[in-house]
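Peer 1: Below: one structure in structure tokens.
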């Protein structure tokens, strides 16, 4: 048969397929009238005018961690990002999600497959079948065979199923990238928190150590007066008890310092001994509170957890599109060419060869409710993703409001505590002068010193809380993350996309 006849037959097949698709489309599984129940909320739908009022501030910079702890903390952060096992696992999950998105693109392209085989065999047969001229003779010998097949397949994707699957995989990979940024931020925040607490524990130790030195001198003087018969044993005992209490405080502080160093070593991914080798931390001055402009609106692209949740919604929406497209027929174009030769010495001369091409239609006429159940499951997944996004956005706004409220309150408390500490310092100075003049007892001097120590410790505790809240606000504002800088921004059409129906 000539090539022209084959082409005519192929054209007839395609025409029949096109007509048949239109006729049989009405026979495919019926698409149910179901729709999503939950809608994506905007930042404007939350009431934040009073709690998130702006101070004309700026968003955190990407190098915020160096502004907290200087060059040493910046070096530690790079070390943690390179070796922390949990963060490395997140990076590998991102790589897997990106690879899956790349693989989903293959469904939009034609596939070409080639198969070939070469074989040599020996056959010995004696069938002894009767024929008019006598029984068949016994035969034996070697035989060779070469076969080759080349197949081409292409799915037309008329209903957008594969395109929706690709969009779903891309959205999932972008969600994974945003989740990786959230993991990065969480690691840096934990590192900065531990580093800050370690620095403040050292400041507390300095304050307690300073009073301990004074108490030890007083204890020696009390013992000398006791030896000289000038004081009773109770005075020396009281001085010794006060020294023991301060030593106990130092021991407790040293325990907390060592535990914090172990924690830093774990965050760095190097083990507890690495934390023990970190030089004493030094902190930068406290930064004033300044809330950025239009915080609720801009927070949508500044917090990686919010961005990740939004991309999960988009992925779920495309999953619904895939489930809907499964109700319609799949149309594939395929071609197959074959070649066979039984002579290895003359491969160019084929014994068998052929070519076939045409469309194939797969119609979901009756699926026993499987397609409907799958669509309902995808819609439920979409509703769950939307509810999760709305919840994360609500939590993010409340998180920022809480940090701002507490920062404003602690700033006032620090001012009040500063006045109280100044008063205690002046009181101690007067007490020491009167004690030196013999007008006050050692007990009254010790009470004044204890009052000042307590005031300084309260001040350090407030500074510790202020720094923790400062880091918490940086985390609540995204820690320098900007969705536009990592290539996963939502465009305006996606933000305004109609809800899934």
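In the working numbering, the protein residues as written are 7 to 507.
Even for Gly, the Cβ is constructed at its ideal location relative to N, Cα and C.
It should be emphasised that the depicted structure is a prediction, and the values quoted were computed from it without experimental measurement.
Write down the C-beta distance between residue 362 and residue 385 rounded to the nearest angstrom, noting that I regard them as a contact closer than 8 Å.
Peer 2: Not quite, the Cβ-Cβ distance comes to about 41 Å (not below 8 Å), so this is no contact.
Peer 1: Are there three or more Cβ pairs, one per stretch, closer than 8 Å when the region 311 to 322 is compared with the region 123 to 133?
Peer 2: At 8 Å Cβ cutoff, the stretches do not touch.
Peer 1: So, residue 65 versus residue 483, is the Cβ gap smaller than 7 Å?
Peer 2: Contact flag set, yes.
Peer 1: In the DSSP assignment, find the unbroken alpha helix (DSSP H) run with residue 73 in it and report its ends.
Peer 2: It spans 70 to 89 - the alpha helix (DSSP H) in which residue 73 sits, taken as one unbroken run.
Peer 1: Express the C-alpha separation of residue 422 and residue 50 in angstroms, rounding to a whole number.
Peer 2: Distance between the alpha carbons of residue 50 and residue 422 is about 37 Å.
Peer 1: Check whether the Cβ atoms of residue 410 and residue 195 sit closer than 7 Å, and answer yes or no.
Peer 2: Result no, Cβ atoms of residue 410 and residue 195 do not sit closer than 7 Å.
Peer 1: Nearest CA to the CA of residue 390: which residue from 260, 319, 146, 148?
Peer 2: Among 260, 319, 146, 148, the Cα nearest to that of residue 390 belongs to 319.
Peer 1: From residue 316 to residue 193, what does the alpha carbon distance come to, in whole angstroms?
Peer 2: Going from the Cα of residue 316 to the Cα of residue 193 covers about 22 Å.
Peer 1: Would you mind sorting residue 374 into buried or exposed? The rule is 16 or more other CB atoms within 10 Å of its CB.
Peer 2: By the neighbour-count rule (16 or more Cβ atoms within 10 Å), residue 374 is not buried but exposed.
Peer 1: Tell me, please, which residues DSSP counts as bridged to residue 564.
Peer 2: This structure leaves residue 564 out entirely; the chain is present only between 7 and 507.
Peer 1: By DSSP, does residue 116 sit in helix, in strand, or in coil?
Peer 2: Looking at residue 116 - three-state DSSP - the assignment turns out to be coil, as it is neither helix nor strand.
Peer 1: Rounded to whole angstroms, what's the CA-CA distance from residue 144 to residue 136? Just pull it up for me.
Peer 2: Using only the alpha carbons, I get a separation of about 12 Å.
Peer 1: Considering only the alpha carbon of each residue, which of 243, 215, 100, 211 lies closest to residue 225?
Peer 2: If we check each option's Cα against that of residue 225, 243 comes out closest.
Peer 1: Just tell me which of 155, 132, 157 has its CA closest to the CA of residue 146.
Peer 2: Nearest C-alpha to residue 146: 132.
Peer 1: Nearest-angstrom Cα distance between residue 217 and residue 463?
Peer 2: Cα-Cα distance, rounded: 12 Å.
Peer 1: Helix, strand or coil for residue 132 per DSSP?
Peer 2: Residue 132 falls in the coil class under three-state DSSP.
Peer 1: In the region 136 to 213, which residue ranges form an unbroken alpha helix (DSSP H) of at least 4 residues, counting only runs that do not cross its ends?
Peer 2: For the region 136 to 213, not a single whole alpha helix (DSSP H) run of length 4 or above is found.
Peer 1: What's the C-alpha gap between residue 489 and residue 174?
Peer 2: About 19 Å.
Peer 1: Identify whether residue 291 lies in helix, strand or coil by the three-state DSSP scheme.
Peer 2: Residue state, collapsed to three classes: coil.
Peer 1: In chain order, which alpha helix (DSSP H) runs of at least 4 residues are fully inside the region 239 to 278?
Peer 2: DSSP runs (the alpha helix (DSSP H)) wholly in the region 239 to 278: 239 to 273.
Peer 1: Would you identify the three-state DSSP class for residue 447, choosing helix, strand or coil?
Peer 2: Correct three-state label for residue 447: coil.
Peer 1: Measure the alpha-carbon distance for residue 400 versus residue 48 and round it to whole angstroms.
Peer 2: Cα to Cα, the separation comes out at about 10 Å.
Peer 1: Can you pull the DSSP bridge partners for residue 126?
Peer 2: Beta-bridge pairing links residue 126 to 150.
Peer 1: Where do the ends of the alpha helix (DSSP H) carrying residue 330 lie?
Peer 2: From DSSP, the alpha helix (DSSP H) with residue 330 extends over 310 to 331.
Peer 1: Which residue from 202, 269, 465 puts its Cα closest to that of residue 511?
Peer 2: Since the displayed the chain opens at 7 and closes at 507, residue 511 lies outside it and no answer follows.
Peer 1: According to DSSP, is residue 485 part of a helix, a strand, or is it coil?
Peer 2: Here residue 485 sits in coil by DSSP.
Peer 1: Enumerate in chain order the residues of its own chain whose CB-to-CB distance from residue 440 is below 7 Å, with the five nearest sequence positions on each side excluded.
Peer 2: The answer, listed in chain order, is 446.
Peer 1: What is the residue span of the alpha helix (DSSP H) that residue 390 lies within?
Peer 2: First-last of the alpha helix (DSSP H) with residue 390: 376 to 442.
Peer 1: Skipping 5 residues on each side, what residues in its chain have a beta carbon closer than 6 Å to that of residue 299?
Peer 2: 60.
Peer 1: With distances taken between CB atoms, is the gap from residue 466 to residue 261 smaller than 7 Å?
Peer 2: For residue 466 and residue 261, no; Cβs fall outside 7 Å.
Peer 1: By DSSP, does residue 346 sit in helix, in strand, or in coil?
Peer 2: Residue state, collapsed to three classes: strand.
Peer 1: Are the CB atoms of residue 249 and residue 231 nearer to each other than 7 Å?
Peer 2: No, they are not a contact pair.
Peer 1: Under 7 Å, do residue 281 and residue 295 count as touching if we go by C-beta distance?
Peer 2: Contact flag unset, no.
Peer 1: Would you check if there are 3 or more beta carbon pairs closer than 8 Å linking the region 175 to 185 to the region 424 to 435?
Peer 2: As far as the Cβ criterion goes, the region 175 to 185 does not touch the region 424 to 435, which means the pair count is below three.
Peer 1: Assign residue 53 to one of three DSSP states: helix, strand, or coil.
Peer 2: Coil, per DSSP.
Peer 1: DSSP beta-bridge partners for residue 298?
Peer 2: According to DSSP, residue 298 bridges with 63.
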